[in-house]
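S.K.: Please see the structure below; I have some questions.
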Amino acid sequence: MSAPDTLLWAPRAWLPGPWPHGGWHTDVLLRASPEGQWLDVRPGQACPPQAQRLPGAVLPGLVNAHSHAFQRAFAGLAERSGQPGDSFWGWRDRMYRVAGQLGPDALRTVAAQCYAELLAGGYTQVCEFHYLAHPPQPPGAEPPDADTREAASAAMDQALIDAAAQVGIGLTLLPVLYQRAGFFQPSLRPDQQGFARDAAAVGRAWTRIDAQARQQARPLLTAGWAVHSLRAAAPQSLHALRELAAQASGPVHIHVAEQTAEVDDCLQATGQRPVQWLAAQGLLDARWLLVHATHVNQAEIAAVAASGAGVVLCPGTEANLGDGLTDLPGWLAAGVPLTLGSDSQVLRDWREELRWLEYGQRLGLRQRNLGANPPWNGATSARGDAAPALGDAASAGAQPTHDTGLAPGSTAGHLFQRVQHGGAQAAGHTTWGLQAGARADLLLVDEDDPTLAGLPPGHWLDGLVFSGPTRPWAGVMVAGCWRLGRYAGESAQAERRVQAFGQAMRILWD
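Per this note's numbering: the sequence shown = residues 11 to 520.
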């Protein structure tokens with residue numbers, strides 16, 4: 011006998027769709043399959059007696075489109091300057107020292123704590139940009155043979171899969187092509203040897219990850235591809251990886267144009283800027299995600315828009331590292347799919363990332379509400395696709411109930427809609443959000459949280475993003491299972507996880 015569907019009813023839910031039809035809807039009935047996918051999402055419905063009546067509004071969980079989980083062990087420990095003019099490059103050298111100490115067990119421990127915090131921060135899927143390909147070798151040890159090295163690399167991959175499964179968060183695992191130290195440094199530095207993977211090794215890792223993904227009962231694990239950066243991959247290797255990826259599935263992510271030094275070196279090495287070079291090589295399409303893309307010009311933005319590629323913005327990390335400000339108005343005007351990433355884990359809450367994204371623009375441009383009125387209205391995306399449908403209710407002709415007064419000028423509303431839509435592309439999912447066919451993820455808003463006290467519902471999302479020092483999730487569901495909050499039940503696992511993380515940190519830093 012098969013398991014029954016899960017039936018939920020919420021007084022309000024944030025549904026996708028062309029603006030202004032997307033947003034808060036009332037009296038929403040949600041049905042999930044035993045496998046953890048939404049079968050039906052209908053606004054304007056009475057609560058049937060067999061449904062679980064939720065006590066607050068619900069939002070979709072968001073995709074964290076760029077994560078280095080191991081850097082959770084470094085968050086907050088790079089805020090002392092060792093020299094004048096401290097920059098990204100000095101931070102990177104210190105980060106390498108941490109990376110060089112992490113084997114599979116320590117990586118699993120750190121990643122589990124990181125993923126638990128990201129889940130509490132409202133992310134229900136993590137795109138893990140995984141370049142810790144090999145565990146550290148004891149001093150003076152002989153280099154391992156090829157089979158031993160491959161098995162050790164598989165153990166590092168598995169550590170992240172196990173950490174995500176322990177927490178119950180979705181994972182898009184992106185093994186990374188990493189071969190050289192820079193445009194003019196054809197080999198890796200000694201402190202980068204643990205990152206080494208050529209295109210064939212990335213392909214083998216993808217095959218292992220995808221095999222596990224195909225065996226899962228619920229859609230939590232997805233296999234993808236990554237290139238660390240143009241400085242870390244020779245052109246022929248990048249094309250080789252693209253050929254492998256073309257025969258398989260999953261998104262392709264790359265760090266690009268994060269630092270002005272990278273742009274300058276790329277110009278010197280190739281005669282073109284990084285994004286310009288990718289476009290000229292014909293590499294970009296709707297499977298590609300450009301991480302950061304901070305230092306780009308208008309021609310490059312237009313090329314990305316024409317290709318259908320997406321962009322991952324990491325405002326907290328970009329601020330922490332002094333990278334610079336992205337051209338948010340340019341990306342919005344071009345209709346490029348956008349999403350968010352926690353990157354170095356200095357922030358682990360999507361509301362903070364959205365806040366930093368908007369506030370950075372305000373500081374740089376001396377204007378307010380830059381994200382409030384982009385010309386993208388959901389009718390088509392940069393690829394010419396139709397905007398995500400509202401679900402069966404829209405196709406059936408039902409009239410969803412709006413009583414929220416959410417105006418097109420909502421800054422948080424527009425940005426949230428954009429990053430929700432872009433997250434599906436980044437994670438390798440065909441759909442996302444509270445709609446039929448998407449994975450059954452949601453965030454249950456605690457309506458008793460002081461953040462929302464007295465706010466009209468149409469302002470709730472702006473309140474959550476711009477006036478929310480707390481984490482007002484009364485519950486978090488992933489693939490139809492409650493993973494956090496009042497319905498998840500108390501567990502000693504969380505306490506053991508924190509204790510293990512503390513012990514790992516003491517070993518790393520004492």
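Built from N, CA and C at the ideal position, the CB exists for glycine as well.
#1: Can you list, in chain order, the residues of its chain with a C-beta nearer than 6 Å to that of A42? Leave out the 5 residues immediately preceding and following it.
#2: Helix or strand or just coil, what does DSSP make of F522?
#3: Among all the DSSP beta bridges, which residues are the ones paired with N74?
#4: The beta strand (DSSP E) that contains A484, what's its start and end?
#5: With a threshold of 16 other CB atoms inside 10 Å of the CB of W225, please say whether the residue is buried or exposed.
#6: Which first and last residues belong to the alpha helix (DSSP H) in which C324 is found?
#7: On the premise that M166 lies in contact with L142, defined as a C-beta separation below 8 Å, what is that separation, rounded to the nearest angstrom?
#8: State the DSSP-derived secondary structure class of I264, mapped to helix, strand or coil.
#9: Between the C-alpha atoms of V429 and T327, what's the straight-line distance to the nearest angstrom?
#10: What did DSSP end up calling Q147 once you bin it into helix, strand or coil?
#11: Using the Cβ count rule (16 or more neighbours within 10 Å means buried), how would you classify S391?
#12: Give me the Cα-Cα distance between G1 and T158, rounded to the nearest whole angstrom.
#13: Could you check which residue in A23, A210, G370 has the C-alpha nearest to that of L64?
#14: Determine the contact status of A434 and V73, defining contact as a CB-CB distance below 9 Å.
#15: Below 9 Å between beta carbons: does that hold for D445 and L25?
#16: Anyone know if the C-beta pair for A436 and P261 falls short of 9 Å?
#17: Taking all protein chains shown into account, decide if D472 is buried (16 or more other Cβ within 10 angstroms of its Cβ) or exposed.
#18: By a C-beta neighbour count over all protein chains shown, 10 Å radius and 16 as the cutoff for buried, is A242 buried or exposed?
#19: Terminal residues of the continuous alpha helix (DSSP H) containing T336?
#20: In three-state DSSP terms, what is A289?
#21: Taking only the alpha-carbon atoms, compute the straight-line gap between A162 and A504 and give it to the nearest angstrom.
#22: Would the stretch 248 to 265 count as touching the stretch 190 to 198 if we require 3 or more Cβ pairs under 8 Å?
#23: Rounded to whole angstroms, what is the Cα-Cα separation between A422 and A85?
#24: Tell me whether V306 sits in a helix, a strand or coil according to DSSP, three-state version.
#25: Between C324, L357, T336, V314, which has its C-alpha nearest G345's C-alpha?
#26: Compare the beta carbon distance of W101 and A109 with 9 Å and say whether it is the shorter of the two.
#27: Just how far apart, CA to CA, sit R506 and P229?
#28: Do A528 and V508 have their CB atoms nearer than 9 Å?
#29: Skipping 5 residues on each side, what residues in its chain have a beta carbon closer than 7 Å to that of G340?
#30: Return the chain-ordered ranges of every alpha helix (DSSP H) run that is complete within the stretch 352 to 385 and spans a minimum of 4 residues.
#31: What are the residues that DSSP puts in a beta bridge with L187?
#32: Could you name the residues of the same chain whose beta carbon sits closer than 8 Å to that of A329, not counting the 5 residues immediately before and after it, in chain order?
#33: Looking at the structure shown, is R393 part of a helix, part of a strand, or coil, going by DSSP?
#34: If we call anything under 9 Å between Cβ atoms a contact, is F98 one with Q269?
#35: Decide if W519 is buried, meaning its Cβ has at least 16 other Cβ atoms within 10 Å, or exposed.
#36: Take H305 as the anchor and find which of F476, L335, R358, T119 has the nearest alpha-carbon.
M.R.: In brief:
#1: T16, W48, A450, G490
#2: Absent from the structure is residue 522, since the part of the chain shown begins at 11 and ends at 520.
#3: V136, L350
#4: 483 to 488
#5: Per the sequence presented here, residue 225 reads as Gln, with Trp not at that position. Burial call: exposed.
#6: C324 -> no alpha helix (DSSP H), and no H or E assigned at all.
#7: 6 Å
#8: strand
#9: 17 Å
#10: coil
#11: In this prediction, S391 has a pLDDT of 33, which is less than 50 and means its spatial position is unreliable; nothing more can be read from the coordinates.
#12: Any property of residue 1 remains undetermined from this structure, which presents the chain solely from 11 to 520.
#13: A23
#14: yes
#15: Correcting the residue identity first, residue 445 is Gln in this sequence and not Asp. It is a contact, given that the beta carbons lie within the stated cut-off.
#16: yes
#17: buried
#18: buried
#19: Segment: none, T336 is in no alpha helix (DSSP H) and carries neither H nor E.
#20: helix
#21: 28 Å
#22: no
#23: 27 Å
#24: coil
#25: V314
#26: no
#27: 26 Å
#28: Because residue 528 is not part of the residues shown, which for the chain are 11 to 520, the question remains open.
#29: Q308, I311
#30: 360 to 375
#31: V237
#32: W366, G370
#33: Reliability fails at R393, whose pLDDT of 31 lies under 50, so the model's placement of it is uncertain and the value that follows must be treated cautiously. Looking at R393 - three-state DSSP - the assignment turns out to be coil, as it is neither helix nor strand.
#34: yes
#35: exposed
#36: L335
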